[in-house]
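Using my numbering, read the sequence shown as starting at 720 and increasing by one per residue.
We put the beta carbon where it would ideally sit given N, CA and C, even for glycine.
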Amino acid sequence: MNLNLTAKQSQQWRQLLSLMDDNLMALVADMEASGKMAPTVLTALQKRGLPRTGLSADADRLSEQTLGVLAMAQQSASLATLLATWWQVVDAVTTYGTAQQKHDYLETLQLMGLPAMGAPATAAVTAMPVADGWQLTGTVTHVINTGMAQTYLVLAQTPPDVPSAFLVRADQPGVKVVNQLETLGLRGLALADLTLEQVKVTASDRLGAIGQGLAIFQRVQAVGQMMLSAVGAGILEHAGRQIQQLALMEQPPLAELTPLLATSRALTLGALSTASQADENDAFFQSAALTAWQTVSQSTPQLLSVTTLIGDLAYGVRSPMMALTQDLEMLPLLVGTAHHLATTFATHTLNAPAVEAATSEAHKEPEQLAVSDLHRVVKKLNLTKDVPVNVGSIATAKRIVTLGRGALDPAVLLQAQQLAKWIGAAIAVTQPLTSLEQFSIDQQIGGDAVSVAPEVLINLGVSGDDQYLAGIAGARHVLSVNRDATAPIMAASHQVFVGDVTTFLDGMVAALN
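Printed below as a string of structure tokens:
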């Protein structure tokens, strides 16, 4: 198949095909016959370096991985789907993970699993705040790579009713695989439900910020649509080769195969084009949904239209066409039905760039502020306009100034209270400050206290533990001041001022005047 590849991609394509040797194919045959994936299959993949495809690439990681999925799908759709699922989670860690998470999960690459993305992501798991983190409880259905994955990507509902993403280790107490599904297609692919019973996780297990879960899973879903379209293309290419070998004609039925091969080529080019857009940080959700729609709606009819070319072999128990058709019929469970994908495509088309802006914006670095920027900040946030007369409690306030350990100096407290008065903000505090006489538990954010959703939140000397971050997840704009640029609150902010709270407050007073 002519893929119009670059010289680099052509070299990679040849290398990928060379890895599909007889030993690997023998393992694949055993897997598809038994319906179970032996550990030796995963070992063989790792020995050949396939899981690390694209990870050393500077600019075309997803393009290389999509080629890898396509090459594998021409031999085994089950293994191609395993790799695609693995790389969906790898992409999420690469895009949203901390430096430590990238080291932990990508340096020594672990097999990863996640829920099938055939429907919009929903948080079926509840995350209850506990000391130093959360407890996850609930059941995630149709999880891919269960029983083999060392880590699962899970969407959970965190207070105050916002979805967040977590990386959950398979060996955690309370993690259990149940309801293993024996599938007709994609034989050997592990698919089951995952139950979580009070599974303890901390901030180091959370992927991205609190409340960022849907954005993360939307990208994961789009990457899956792209890669599994390559799986569909590979299945059709495999079917074309089988028919040419088994057809009951003296000459290969090239004319009859043209529609099938044309569909395979279109899906391949669509998947590779989408991957290129993603690698270039362009909006790609729309393209991914369209390519997946073409895969789901066109692949099976095209394959069924040519199966009779191999005569009675098409209807036998060991029919290669029957197995490939069943592989294709599994794809709607993994990427969505044609109707769901059409709706997704229409949504991205009509709402672009708003839909993807939400996900691409979600992992931007916070803006670093200097004193000279504060006049612009005051103007941008309209802090001198529409100043509320009745501020009310922090639960309903439109503007909040929160004081943490870094704002304990009496002079700082006085200046912060003056700032709050000028901009019409309520004063909130972190838990340690509730022991001071002038503050009460009603002013505490996070933990078992109040969750807030102001238009503007200014954090002064707040470090930001998990409970506090959960409590401010509803804030529209967060500006944080801290001497420590690595404090957790800084990564959860839109704008940050690294330095003394006094310096910031002096600058704000000057800007307001």
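Note to self: Quick check on Arg906: does DSSP put it in helix, strand or coil?
What the structure shows: coil
Next item on the list: Have a look at Gly989 and Thr921 and give me their C-alpha separation to the nearest angstrom.
Entry: 39 angstroms
Margin query: Is the separation between the beta-carbon of Pro1207 and that of Gly1183 shorter than 8 angstroms?
Written below: Their beta carbons are under 8 angstroms apart, which means Pro1207 touches Gly1183 by this criterion.
Next item on the list: Look up Ala1073 in the DSSP assignment and say whether it is helix, strand or coil.
Entry: Legend: pLDDT at Ala1073 = 48, less than 50; position of this residue unreliable, no value from coordinates given.
Next item on the list: Count the C-beta pairs between the region 917 to 935 and the region 864 to 882 that are closer than 8 angstroms, then say yes if the count reaches three, no if not.
Entry: yes
Checklist line | As assigned by DSSP and simplified to three states, the class of Lys766 | finding: helix
Check: Run through DSSP, which three-state label would Gly1218 get?
Finding: coil
Next item on the list: Entirely within the region 813 to 887 and at least 3 residues each: give me those beta strand (DSSP E) ranges in chain order.
Entry: 831 to 834, 844 to 849, 852 to 863, 870 to 877
Margin query: Considering Cα atoms alone, identify which of Val896, Ala842, Glu1156 is closest to Ala884.
Written below: Ala842
Check: Looking only at DSSP bridge pairs, what is Gly914 linked to?
Finding: The amino acid at residue 914 is misidentified as Gly; the sequence shows Thr. DSSP lists Thr858, Lys895 as partners of Thr914.
Notebook entry, point to check: If you compare alpha carbons, which of Val881, Val887, Pro879, Met847 is closest to Val859?
Noted result: Val887
Note to self: Going by DSSP in three states, Thr1121 sits in which element: helix, strand or coil?
What the structure shows: strand
Notebook entry, point to check: Do Ser797 and Arg960 have their CB atoms nearer than 8 angstroms?
Noted result: no
Margin query: Quick check: what's the CA-CA separation for Gln1163 versus Met831?
Written below: Met831 has its alpha-carbon roughly 38 angstroms from the corresponding atom of Gln1163.
Notebook entry, point to check: Short check: CB of Leu986 to CB of Thr1026, under 8 angstroms?
Noted result: no
Check: Do you know offhand how far Gln820's Cα is from Val812's?
Finding: 7 angstroms
Notebook entry, point to check: Nearest to Ser737 by CA position, among Thr877, His1059, Ala790, is which residue?
Noted result: Ala790
Checklist line | the region 992 to 1005 contacting the region 1029 to 1038, beta-carbon criterion three pairs below 8 angstroms | finding: No contact exists between the region 992 to 1005 and the region 1029 to 1038.
Check: What number of angstroms, rounded off, separates the C-alpha of Leu781 from the C-alpha of Ala799?
Finding: Rounded to the nearest angstrom, the two C-alpha atoms are 14 angstroms apart.
Check: Got a sec? Which residues, its chain only, sit under 7 angstroms from Trp1141 by beta carbon, not counting five neighbours each side?
Finding: Excluding residues within five positions, the ones whose Cβ falls inside 7 angstroms are Leu1231.
Item checked: Coil, strand or helix - Glu1086 by DSSP -> It is a strand residue.
Item checked: Through-space distance from Ala1135 to Phe1158, alpha-carbon basis -> 14 angstroms
Check: Counting contacts by CB-CB distance shorter than 8 angstroms, is Leu980 in contact with chain D?
Finding: Here there is only one protein chain, and chain D is not present.
Margin query: Within 10 Å of its beta-carbon, does Asp810 have 16 or more other beta-carbons around it, so buried, or fewer, so exposed?
Written below: Burial of Asp810 is indicated by the presence of at least 16 other C-beta atoms within 10 angstroms of its C-beta.
Check: Expressed to the nearest angstrom, what Euclidean distance is found between the alpha-carbon atoms of Leu764 and Asn864?
Finding: 14 angstroms
Checklist line | Gly951, buried or exposed, once every other Cβ within 10 Å from all chains shown has been counted against 16 | finding: buried
Notebook entry, point to check: Pick from Asn1178, Pro978, Leu1224: whose alpha carbon is nearest that of Gln1214?
Noted result: Checking every option, the nearest Cα to that of Gln1214 belongs to Asn1178.
Checklist line | Extent of the continuous alpha helix (DSSP H) run through Leu1155 | finding: Counting along the chain, Leu1155 falls outside any alpha helix (DSSP H), and DSSP gives it neither H nor E.
Notebook entry, point to check: Can you give the beta carbon distance from Ala1002 to Phe936, rounded, assuming they're within the 8 angstroms contact cut?
Noted result: In fact, because the Cβ distance is near 17 angstroms, the residues do not count as touching under 8 angstroms.
Notebook entry, point to check: Considering only residues of the same chain and omitting the five flanking positions on each side of Asp924, which have a CB-CB separation below 6 angstroms?
Noted result: Phe885, Leu886, listed in sequence order.
Next item on the list: Output the boundary residues of the beta strand (DSSP E) element that contains Ser1199.
Entry: 1196 to 1201
Next item on the list: With Val1175 as the anchor, note down where its beta strand (DSSP E) starts and where it stops.
Entry: 1175 to 1179
Check: Gly943 and Val1054: beta carbons closer than 8 angstroms?
Finding: Going by beta carbons, Gly943 and Val1054 fall inside the 8 angstroms limit.
Checklist line | alpha helix (DSSP H) segment containing Ala949, residue limits | finding: 932 to 965
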